[in-house]
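Enquirer: Everything in the sequence shown is counted per this note's numbering, starting at 862 for the first residue and increasing by one. Just so it is clear, CB atoms sit at the ideal spot from N, CA and C, and this is done for glycine as well.
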Amino acid sequence: MIKICVVGEIGSGKTYISKLFSPKKNLIFNADIEVNKIYKRHRPTFAKLKKNLPLFIRSFPVKKSELYDSICFNKNNLKKIIKIVHPEVRKKMNSFLKKNNKQKFVILDVPLLLENKLNKPEDVIIYIDAKKNILQKFIKQRPGHNPKIIKLLKELQITPKKKKFLSDIIINNNFNPKKMRLRAKELIDSIII
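1. State the DSSP-derived secondary structure class of K864, mapped to helix, strand or coil.
2. Could you spell out where the beta strand (DSSP E) holding I968 opens and where it closes?
3. Compute the Euclidean distance between the alpha carbons of T906 and F957, then round it to the nearest angstrom.
4. Go ahead and label L975 buried or exposed: buried means 16 or more other beta carbons lie within 10 angstroms of its beta carbon, across all protein chains shown.
5. Put I1030 into one of helix, strand or coil per three-state DSSP.
6. Do you know how far the Cα of V967 is from the Cα of I889?
7. Are there 16 or more other CB atoms within 10 angstroms of the CB of P972, so buried, or fewer, so exposed?
8. Return helix, strand or coil for V985, following the three-state DSSP convention.
9. Compute the distance between the beta-carbons of E895 and L914, then report whether it is under 9 angstroms.
10. Under 7 angstroms Cβ to Cβ from E1016, same chain only, skipping five residues before and after it: list those, please.
11. Tell me the rounded alpha-carbon separation between F882 and I945.
Next comes the structure, spelled out in structure tokens:
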């Protein structure tokens, strides 16, 4: 099984491009979706968050607004959240990989994949690049956009220059659906021989 890891800056279109690579949703592991499921369904995570952030986490399911409030109050709270949530996401990713190990390929859409050293040397790393002004536009359009949170999340990431260096392929996302679909198909055809 080939693992295709899609990386890039916040708002670069990683999830969109991941979907173009595989029309079969069951072959895509999207860490952001899994985090949302954990917040909504995983009571042990809620209990740990409530214990570590008692002033902010009030009730189950965990609300993102409460997490944002805790981070805005003290940026070190982001580290507490990561320490609790990331191991659960890793478990889900490992389960996904085990379940799909007979597939030709899977797509990993994991924002901090390189930072957390979750990739293996044989994985195909694809960096999604986009112009800064376009990135800013898409980030601002996101529901619950919070510039302070975005800044803190960017601080967790390695630089785009280093990500590009660590990547096997760089895609320039011009946000043109027709061109991006064609580019995604060409890449998958070249990777999956």
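Expert: In terms of the structure at hand:
1. Residue mapping note: residue 864 aligns to position 3 of the sequence shown, counting from 1. Of the three classes helix, strand and coil, the one that applies to K864 here is strand, per DSSP.
2. Numbered from its first residue, the sequence shown carries residue 968 at position 107. Looking at the DSSP string, the run of the beta strand (DSSP E) that includes I968 is F966 to D970.
3. Here residue 906 is taken as the residue at index 45 of the sequence shown, counted from 1. Here residue 957 is taken as the residue at index 96 of the sequence shown, counted from 1. Going by the C-alpha atoms only, they are around 19 angstroms apart.
4. To locate residue 975, count along the sequence shown from 1; it is residue 114. Burial call: buried.
5. Taking the first residue of the sequence shown as 1, we reach residue 1030 at position 169. The answer is strand: DSSP assigns I1030 an E or B state.
6. As a first step, residue 889 must be located in the sequence shown, where it is residue number 28. As a first step, residue 967 must be located in the sequence shown, where it is residue number 106. When rounded, the distance between both Cα atoms is 6 angstroms.
7. Start at 1 with the first residue of the sequence shown, and residue 972 comes out as number 111. A buried status is given to P972, since no fewer than 16 other beta-carbon atoms sit within 10 Å of its beta-carbon.
8. As a working mapping, residue 985 is identified with position 124 in the sequence shown. It is a strand residue.
9. Residue mapping note: residue 895 aligns to position 34 of the sequence shown, counting from 1. Residue mapping note: residue 914 aligns to position 53 of the sequence shown, counting from 1. In this structure, L914 does not lie closer than 9 angstroms to E895 by Cβ.
10. As a first step, residue 1016 must be located in the sequence shown, where it is residue number 155. Result list for E1016: empty, nothing under 7 angstroms.
11. The residue given as residue 882 occupies position 21 in the sequence shown. The residue given as residue 945 occupies position 84 in the sequence shown. Approximately 31 angstroms, taken between the alpha carbons.
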